[in-house]
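Okay, structure first, notes after.
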Amino acid sequence: MSDQVETAPELDDDAPLEARSPEGLDDEALERRAAALAEVLKFGDPVLRSKASPVTEFDQALGEETERMIAIMRDGMGVGLAATQLGILRRVLVFQAGADAPATALVNPEIEWSSAVEFATAEEGCLSLPGVVLEVERPLHIRVRASDPNGTELTIEASGLEARVLQHEIDHLDGVLILQRAPKEQRRGAMRALREGGTYAPPRPEEEAGDAAAGGDPPAAGNGAGTGAAAGSGAA
Ligand code: NI
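For the sequence shown, the working numbering gives the first residue as 582, with consecutive numbering after it.
See the structure below:
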């Protein structure tokens, strides 16, 4: 399994969260990806709107749970996963911001500081919103306090993609989806795609002059990462 991760294309800051492009995977990896994504709750499940409870027992079961989450994240080609997405309402997340970065599990994460003036807007996908990519504005820098699965406290200072993944997953623990963070027009297009089983990606600048307002369908082409996450099996 780790072979697959190591050979996966490096995730860059332009790739949408929380999935990597499935392009270039062999059949076996695609099967593993489908099996992993089948375990992830999808839009419409009320659990995704629920607030998770703090973890109070740092026992062996917690360690096993985070190992399982990391396996599902990797097989699913995700860069992050919250326990909520597996139907477990406990404040646990895993993330791996880049193919070469280590997978990290955080328990009871709290954003204790975020940059008040520096924000960035970037496209995000979500394993729970297949086929949807949305633009989300978030603070560029954050500091997160959490525990590891053994109960050891740690502080993470994160910027850029890592900060974005962490904020996305902590949102999941609070029952917040990127639909609530995106511009209203995009949310409308995404909702239509989710209802109709289609795909949605924000209009690119060169397409906005066209009929972008007329439909929620994403462009057939675009940057590779966006297309990969939004199209295909809808498993991004
Ligand atoms: Ni997500």
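We treat Cβ as the ideally placed atom computed from N, Cα and C, and that holds for glycine.
- Put simply, the backbone Cα of Q761 is about 22 Å away from that of N689.
- Residue ranges of uninterrupted beta strand (DSSP E) with 3 or more members, entirely inside the stretch 590–671 and ordered along the chain, are 661–663.
- Per DSSP, the unbroken alpha helix (DSSP H) holding L742 starts and ends at G741 to L754.
- Taking a 10 Å sphere around the C-beta of D656, we find 16 or more other C-beta atoms and assign the residue as buried.
- For Q748, the number of other beta carbons within 10 angstroms of its own is at least 16, and it is reported as buried.
- Under DSSP, L715 forms a beta bridge with E705.
- Chain order is used for the residues whose beta-carbon lies nearer than 6 Å to a heavy atom of the ligand NI, namely E599, C707, L708, S709, H749 and H753.
- A distance of 8 Å or more separates the beta carbons of A663 and L670.
- A direct Cα-Cα distance of roughly 43 Å separates A642 from E766.
- Of all C-beta pairs linking the stretch 638–654 to the stretch 689–704, fewer than three are shorter than 8 Å, placing the two stretches out of contact.
- Here the stretch 721–729 lies against the stretch 679–688, with 3 or more beta-carbon pairs under 8 Å apart.
- Of P783, E734 and L710, the smallest CA-CA separation from F624 is found for L710.
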